[in-house]
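Mapping to my numbering: the sequence shown position 16 is 295, numbers consecutive.
Using N, Cα and C, we set each Cβ at its ideal position, and we do this for glycine too.
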Amino acid sequence: MTKLTSMFRAFAREEDGIALTEYLILLGVLTAAVITAVTLAGTNLAASWGTWATWFGTLGGAPA
Numbered sequence: 280m281t282k283l284t285s286m287f288r289a290f291a292r293e294e295d296g297i298a299l300t301e302y303l304i305l306l307g308v309l310t311a312a313v314i315t316a317v318t319l320a321g322t323n324l325a326a327s328w329g330t331w332a333t334w335f336g337t338l339g340g341a342p343a
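What follows is the structure, encoded as C-alpha cells:
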C-alpha cells in the first residue's frame, strides 16, 4: 500500500504532463479557430461566386 501511495505522490509531483495538457488545449483552440475561419471564408466565397454568376448571367450568356 505504501508503494502505491508513493507512486501517486511521485505522479502528482511530476510536471511534464502539465506542459502536454497546455499544448493540447492550445492545439484545440487553434484547430477551432481555423475551422471557424475556413467556414466563414467558405460562406463568403459562395456568396461572392453567386454574385459573379448573376452578373455574368445578365451579360447575355455564353456565345453560341
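Mind checking which residues open and close the alpha helix (DSSP H) that includes residue i?
i    : result
M286 : T281 to R292
For residue i, collect the residues of the same chain with a Cβ closer than 7 Å to its Cβ; drop the 5 residues on either side in sequence, then sort them by chain order.
i    : result
W328 : none
Could you name the residues of the same chain whose beta carbon sits closer than 6 Å to that of residue i, not counting the 5 residues immediately before and after it, in chain order?
i    : result
R292 : none
Looking at residue i and the ligand MG, is the gap between the Cβ and the nearest heavy atom below 7 Å?
i    : result
G307 : Absence of the ligand MG from the depicted structure is noted, as is the absence of any ligand whatsoever, leaving it without description.
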